[in-house]
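The block underneath contains the structure these notes are about, expressed in structure tokens.
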Amino acid sequence: MTPPGGTGPLVPGQSAAADWALSPIAVADWLGAASLVAGALLSLAAAIGVLRFPDTLSRMHAATKPQVLGVLLVLLGVSLRLRTLADLGMVALAGIFQLATAPVAAQMVGRAAYRSGRVERRLLDVDELAEH
Numbered sequence: 167m168t169p170p171g172g173t174g175p176l177v178p179g180q181s182a183a184a185d186w187a188l189s190p191i192a193v194a195d196w197l198g199a200a201s202l203v204a205g206a207l208l209s210l211a212a213a214i215g216v217l218r219f220p221d222t223l224s225r226m227h228a229a230t231k232p233q234v235l236g237v238l239l240v241l242l243g244v245s246l247r248l249r250t251l252a253d254l255g256m257v258a259l260a261g262i263f264q265l266a267t268a269p270v271a272a273q274m275v276g277r278a279a280y281r282s283g284r285v286e287r288r289l290l291d292v293d294e295l296a297e298h
């Protein structure tokens, strides 16, 4: 007896579903789906934070920290599902680009907000940009 769509005989007492659930491809698919969902939830949390937080620095934090992790988890999920070398290269480039640009953009937004007076100075623990 062979499993549906399978190539070898079933072990007595083993079902076709058990054979499928333990395959590395199925595990990668499940991990990819979990990564996609977790990344989407983190990106949603970042978007809600940008809308709900009261000041510029809090919004900047919400726009960079969970959003970058969310995008990286989505890219991980995509790479676990698409297993070709060309796709993995593109996903890796997108992840590297995200890691390289998000901190720089956050730094520039924070500095611009500080210089334009949109940062509440009482919320700062250390004010490194203050003129002495």
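Residue 298, in my numbering, is where the sequence shown stops; the numbers in between run on with no holes.
Cβ atoms here follow ideal geometry from the backbone N, Cα and C, with glycine treated the same way.
As the structure is a prediction and not an experimental result, all values here were calculated from the model.
Neighbourhood of residue 287 by C-beta distance below 6 Å, restricted to the same chain and skipping five residues each side: none
Residue 285 classed as buried or exposed, judged by whether at least 16 other C-beta atoms fall within 10 angstroms: buried
Reduced DSSP secondary structure (H/G/I, E/B, other) of residue 225: helix
8 Å Cβ cutoff met for residue 208 and residue 243: no
Of the listed residues 224, 217, 211 and 191, nearest to residue 275 (C-alpha basis): 224
Contact test: residue 258 Cβ vs the ligand COA heavy atom, cutoff 7 Å: This structure lacks the ligand COA; in fact it carries no ligand of any kind.
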